[in-house]
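Numbered by the numbering used here, the letters in the sequence shown go through residues 268 to 447 in order. Below you'll find the structure, written out as structure tokens, and then a few comments.
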Amino acid sequence: MYSKSAHDPVGPFDFSERHSILINAPPSSILSYVRHYRLSDDALIRPALFLRALPARLLRRAPPPSLELQDFTLLAATDRGLVYGLKGAFWQPDYGLRRFDTSMDFLGDRDASLATLILSFMTGPAPRGRTRLVTQTHILCPTRHVWRRFLPYWLMIRPVSGLMRRRMLSQIKARCEKGS
268 MYSKSAHDPV GPFDFSERHS ILINAPPSSI LSYVRHYRLS DDALIRPALF
318 LRALPARLLR RAPPPSLELQ DFTLLAATDR GLVYGLKGAF WQPDYGLRRF
368 DTSMDFLGDR DASLATLILS FMTGPAPRGR TRLVTQTHIL CPTRHVWRRF
418 LPYWLMIRPV SGLMRRRMLS QIKARCEKGS
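What follows is the structure, encoded as structure tokens:
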């Protein structure tokens, strides 16, 4: 089993990313928009999703899914946040995804050949009656082999992933504040 160094800055996870935004809306409204958000609706993100599917197309395979929130397993939902999980070999052209029907199935899975991605959306109070929405992405690689396979993928995808998260937060803010 791969063990992390004692001075790893992201705690138990191998890779992490965090973004936040202030929104003039209550947490319930914000989380409703999060649940229904679709990356593929964003005209600037669609080209990135196309490029991610290019290796599969070049290998004449079916393109991978665009990984909408609906493809993730809902692990927890409260009045302040949502936590989703996804397991796969994300570096493969088809993501090597494993689907789970329940959070218990997801949490009980111990396949050491897959990376685990945890995606959370948490709300909290902010100054002047606003709400802070924070999204965090954490990836756990259970073995050194999985970590070595995931690292090049992370280095390529992280800038795009950050852009996608920031655009997602901005669009959720705009929709919440507009009320549509």
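Ideal Cβ placement from N, Cα and C applies to all residues, glycine included.
Rounded distance between the beta-carbons of residue j and residue i, thought under 8 Å
i    : j    : result
H286 : R433 : 6 Å
I288 : K445 : 15 Å between Cβ atoms; not a contact.
S370 : L342 : 5 Å
Residue span of the alpha helix (DSSP H) that contains residue i, given as start and end
i    : result
E444 : 411–445
I297 : 294–303
Start-to-end residues for the beta strand (DSSP E) that takes in residue i
i    : result
I406 : 398–407
L289 : 282–290
A343 : 340–344
Contact under 8 Å by Cβ, residue i with residue j
i    : j    : result
Y304 : M435 : yes
A379 : T410 : yes
I297 : L400 : yes
P294 : L326 : no
L306 : I312 : yes
L381 : K354 : yes
R347 : M389 : yes
R377 : I290 : no
F373 : F417 : no
Complete runs of the alpha helix (DSSP H) confined to the segment 352–396 [at least 4 residues]: Counting only runs that start and end inside the segment 352–396, the alpha helix (DSSP H) elements of at least 4 residues fall at 370–375.
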